[in-house]
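Chains A and B supply the protein sequences, listed in that same order.
Each residue of the first sequence is one higher than the one before, counting from 1 in my numbering.
Each residue of the second sequence is one higher than the one before, counting from 1001 in my numbering.
Here a beta-carbon is modelled for each residue, glycine too, at the ideal position from N, C-alpha and C.
Bear in mind the structure is a predicted one, so any value in this text is a computation, not a measurement.
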Amino acid sequence: MKYIEEFRNAELAQGLSRAIAAAVDPQRIYRFMEFCGGHTHAIARYGVEDLLPTNVRMIHGPGCPVCVLPVGRVDEAVALATQHDVILCTYADLMRVPGTNYESLIKARSKGADVRMVYSTLDALKIAADNPEREVVFFAIGFETTTPPTASAIKQAQARGLKNFSVYCNHVLTPAAMRAILGAYTDEGAPNVILDGFVGPAHVSAVIGMRPYEEFTRDYKKPVVIAGFEPLDVMQAVLQLIRQSNEGRADVENEYARAVTLEGNLKAQALTAEVFDLRDSFEWRGLGAVPLSALQIRPEFAAFDAEKRFRVEVPNPKENKACACGEILRGEKTPTECKIFGTVCTPDNPMGACMVSSEGACAAHWTYGRFREAPPLEKSA
Amino acid sequence: MCLAIPAKVVKLLGDGMADIELEGVVKEVSLDLLDGIEVGDYVIIHVGYALARLDPEEAERTLALFAEMGRLAEESAA
């Protein structure tokens, strides 16, 4: 496939691996967070860690929308599907995310609720048009990449007069999550996670551009290198992060220049701003309540806001106590440091959200990393 | 979730829609998020929408950079 295969080339990967080995200072440890689950998946799938020197550590970030959605929002979606006679449309990954008492949308469907997997908001619109007598709710999640398609669907529903279509909005913002991670300190005043820089998001950046990351280079002195989701993209970004670290620089650099520009997609940004505004605060799994970190539907579009249209009764949300998703999403634990990883919790029977999505740190490690010969890297050394 | 793939626009369908082709598979996607897309352009597809235009020259430059990095590492080791 053009523009994919070339960026997985083994020979070029060996070359980049040598370049990285030559660039590292053996006296120091480099800790880089790949924010996105897409990068986590690529690193695990292509064994990128095995091509890096052992003093270069990759720390998985919270950029997996399914993973950061808190139990309470899953419970509300299940309640929407079971307490109202709606057709609940959702992206596939969300079907199996466990809520309180292991309830999930797929279990609700097996008990008779009308829950449907869709590939696109366009499919949800079509279902609404084909079923004028039913209410159709689209369960919207995702970062800045996935938000413009939701905004577009709301605008189209308005233009087409689809009065039976609404959106349960859970869209969240990347910079707010990066800020939450960098701003978290232990009781002793040390940072919760020691980081030397970020591999910046691929397609989030295609939408928002490069400027939103300047705050992290300026205020936190952390380099950010935006990278594509193919293995060579990640390796080149790591090389650039190592060089910035060695030179004591903190700049926003763009490895993914074939899709990301300085300004990003201005049309998508304008559409998003027209339909959504900021929530004062939003609950994230792992990060807790994060101020100004999520979007809500503007009052002008309230007719399409499922939160305004449907009241639901939900129990007090309860996380599985043994699940370490929270610590893993904050970069404080690796999947193998979770007590139930690979025993009670597997992709077939996920206890936590990080084991559900293929880009969740636990699912990626289970699928590709658990038979690695190299021992998992110690987080503290 | 943010996964998105590059594909070639093969037909403009009007009404903001287009056919894209990937390995022989043709799929209809929305062009609502981009202006000025033409047949032959490569676009990045995400959940049924073309999200960004792929710049072929930048792609070539990035691949050339990868090769250059490897070559330099080889030379400095020699």
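Grab the span of the beta strand (DSSP E) containing GLY228 (chain A) for me, first residue to last.
In the first sequence, residue 228 (chain A) corresponds to position 228, counting from 1. GLY228 (chain A) -> no beta strand (DSSP E), and no H or E assigned at all.
Given that LEU12 (chain A) touches chain B, what residues does it touch there, using C-beta distances under 9 Å?
Position 12 of the first sequence, counted from the start, is the residue given in the question as residue 12 (chain A). The answer, in chain order, is LEU1063, PHE1066, ALA1067, MET1069 and GLY1070.
Touch check for the region 1006-1013 of chain B and the region 69-86 of chain A: three-plus C-beta pairs under 8 Å?
no
Could you round the C-beta distance between LEU232 (chain A) and LEU16 (chain A) to whole angstroms and report it? I think they count as a contact, below 8 Å.
On the first sequence, residue 232 (chain A) is found 232 positions in, with the first residue counted as 1. On the first sequence, residue 16 (chain A) is found 16 positions in, with the first residue counted as 1. The Cβ separation is near 6 Å, so the contact holds.
Bridge partner(s) assigned by DSSP for MET117 (chain A):
Here residue 117 (chain A) refers to the residue found at position 117 when the first sequence is read from its first residue. DSSP lists A:THR90 as partners of MET117 (chain A).
Check the Cβ of ALA1073 (chain B) against every Cβ in chain A and list those closer than 7 Å, keeping chain order.
Here the question's residue 1073 (chain B) lines up with position 73 in the second sequence. GLY15, ARG18, ALA19 and ALA22, listed in chain order.
Of all the residues that make up the region 182-210 of chain A, which are near chain B by a beta-carbon distance shorter than 8 Å?
Going along the region 182-210 of chain A in chain order, one finds PRO201, ALA202, HIS203, VAL204, ALA206 and VAL207 with a Cβ nearer than 8 Å to chain B.
List, in order along the chain, the chain B residues whose C-beta lies closer than 8 Å to that of CYS36 (chain A)?
If you number the first sequence from 1, residue 36 (chain A) lands on position 36. Result: CYS1002.
Identify, in the order they occur along the chain, each residue of the same chain with its Cβ nearer than 7 Å to the Cβ of LEU278 (chain A), setting aside the five sequence neighbours on each side.
Reading the first sequence from its first residue, position 278 is the one you call residue 278 (chain A). The residues are LEU292 and LEU295.
Pull up the CB-CB distance for ILE29 (chain A) and VAL238 (chain A), whole angstroms please, since I reckon it's below 8 Å.
Stepping through the first sequence from its first residue, residue 29 (chain A) is reached at position 29. Stepping through the first sequence from its first residue, residue 238 (chain A) is reached at position 238. That pair is no contact at about 14 Å.
Ordered along the chain, which non-local residues of its own chain (more than five positions away) have a Cβ less than 6 Å from that of PHE35 (chain A)?
As a position in the first sequence, residue 35 (chain A) is number 35, starting the count at 1. Take PHE35 (chain A), set aside five residues on each side of it, and the residues of its chain with a beta-carbon closer than 6 Å to its own are GLY61, GLY63, PHE198 and PRO201, in chain order.
Rounded to the nearest angstrom, what separates ALA302 (chain A) and ALA322 (chain A) at their Cα positions?
Here residue 302 (chain A) is taken as the residue at index 302 of the first sequence, counted from 1. Here residue 322 (chain A) is taken as the residue at index 322 of the first sequence, counted from 1. Taking the straight line joining both Cα atoms gives about 39 Å.
VAL275 (chain A) versus GLN158 (chain A): straight-line alpha-carbon distance, rounded
Taking the first sequence and counting its residues from 1, one reaches residue 275 (chain A) at position 275. Taking the first sequence and counting its residues from 1, one reaches residue 158 (chain A) at position 158. Answer to the nearest angstrom: the Cα atoms are 11 Å apart.
Interface residues of chain B facing LEU239 (chain A) [CB-CB closer than 8 Å]:
The residue given as residue 239 (chain A) occupies position 239 in the first sequence. In chain order: MET1069.
Taking the alpha carbon of ILE1045 (chain B) as the point to measure from, which residue in A:HIS365, A:PRO132, A:ALA363 and A:THR146 has its own alpha carbon closest?
Indexing the second sequence from 1 puts residue 1045 (chain B) at position 45. Nearest C-alpha to ILE1045 (chain B): A:THR146.
Count the other CB atoms, across all protein chains shown, that sit within 10 Å of the CB of MET1 (chain A); report buried if there are 16 or more and exposed otherwise.
Taking the first sequence and counting its residues from 1, one reaches residue 1 (chain A) at position 1. Exposed, since its Cβ has fewer than 16 Cβ neighbours within 10 Å.
With GLU274 (chain A) as the anchor, note down where its beta strand (DSSP E) starts and where it stops.
The residue you call residue 274 (chain A) lines up with position 274 of the first sequence. From DSSP, GLU274 (chain A) is part of no beta strand (DSSP E) but of the alpha helix (DSSP H) over 266-275.
Classification of TYR102 (chain A) by the beta-carbon crowding that lies within 10 angstroms, buried from 16 upward:
Here residue 102 (chain A) is taken as the residue at index 102 of the first sequence, counted from 1. Exposed is the call here.
Between the Cα of CYS338 (chain A) and the Cα atoms of A:ASN164, A:HIS365 and A:ALA259, which residue gives the shortest distance?
If you number the first sequence from 1, residue 338 (chain A) lands on position 338. For the residues A:ASN164, A:HIS365 and A:ALA259, the minimum Cα distance to CYS338 (chain A) belongs to A:HIS365.
Just verifying my parser: in three-state terms, what is the DSSP assignment at SER380 (chain A)?
Along the first sequence, read from residue 1 onward, the residue named residue 380 (chain A) stands at position 380. Caution applies to SER380 (chain A), whose pLDDT of 44 falls short of 50 and renders its modelled position unreliable; the model cannot decide the point.
Where SER357 (chain A) meets chain B, residues with beta-carbon distance less than 8 Å:
Within the first sequence, numbered from 1, the residue matching residue 357 (chain A) stands at position 357. Near SER357 (chain A) (Cβ distances below 8 Å), the residues of chain B are MET1001.
Starting from LYS1008 (chain B), trace the beta strand (DSSP E) both ways and give me its first and last residue.
Within the second sequence, residue 1008 (chain B) is the residue found at index 8, counting from 1. Taken as a continuous stretch (DSSP letters only), the beta strand (DSSP E) holding LYS1008 (chain B) covers 1005-1014.
Between the region 255-274 of chain A and the region 315-330 of chain A, do three or more beta carbon pairs fall short of 8 Å?
With the rule of 3 Cβ pairs closer than 8 Å, the region 255-274 of chain A does not count as touching the region 315-330 of chain A.
Taking only beta-carbon positions, decide if CYS354 (chain A) is within less than 8 Å of chain B.
Mapped onto the first sequence, residue 354 (chain A) falls at position 354. Answer no: the Cβ-Cβ gap between CYS354 (chain A) and chain B never drops below 8 Å.
Counting C-beta neighbours from all protein chains within 10 Å, is the total for THR334 (chain A) 16 or more, i.e. buried, or is it exposed?
One-based indexing of the first sequence puts residue 334 (chain A) at position 334. Burial call: buried.
Select from A:ALA124, A:ALA306, A:VAL78 and A:MET235 the residue whose C-alpha is nearest the C-alpha of LEU94 (chain A).
Looking up residue 94 (chain A) in the first sequence gives position 94. It is A:VAL78 whose Cα lies nearest to the Cα of LEU94 (chain A).
Please report the distance separating the alpha-carbon of ASP1032 (chain B) from that of GLU1023 (chain B).
To locate residue 1032 (chain B), count along the second sequence from 1; it is residue 32. To locate residue 1023 (chain B), count along the second sequence from 1; it is residue 23. For ASP1032 (chain B) and GLU1023 (chain B), the distance between alpha carbons rounds to 24 Å.
Using the three-state DSSP reduction, which class does HIS39 (chain A) fall into: helix, strand or coil?
In the first sequence, the residue the question calls residue 39 (chain A) occupies position 39. HIS39 (chain A): helix per DSSP, three-state reduction.
I need the straight-line Cα distance from GLY1070 (chain B) to GLY209 (chain A), nearest angstrom please.
As a first step, residue 1070 (chain B) must be located in the second sequence, where it is residue number 70. As a first step, residue 209 (chain A) must be located in the first sequence, where it is residue number 209. Their backbone Cα atoms lie some 28 Å apart in a straight line.
Determine the direct distance from the alpha carbon of GLU1074 (chain B) to that of ALA81 (chain A), and round the result to whole angstroms.
As a first step, residue 81 (chain A) must be located in the first sequence, where it is residue number 81. As a first step, residue 1074 (chain B) must be located in the second sequence, where it is residue number 74. Going from the Cα of ALA81 (chain A) to the Cα of GLU1074 (chain B) covers about 59 Å.
According to the neighbour-count rule (16 or more other Cβ atoms, all chains shown, within 10 Å of its Cβ), is SER380 (chain A) buried or exposed?
Position 380 of the first sequence, counted from the first residue, corresponds to residue 380 (chain A). Model confidence at SER380 (chain A) stands at a pLDDT of 44, short of 50, so the residue's coordinates are unreliable; what they give is reported in the following sentence. Around the CB of SER380 (chain A), fewer than 16 other CB atoms lie within 10 Å, so the residue is classed as exposed.
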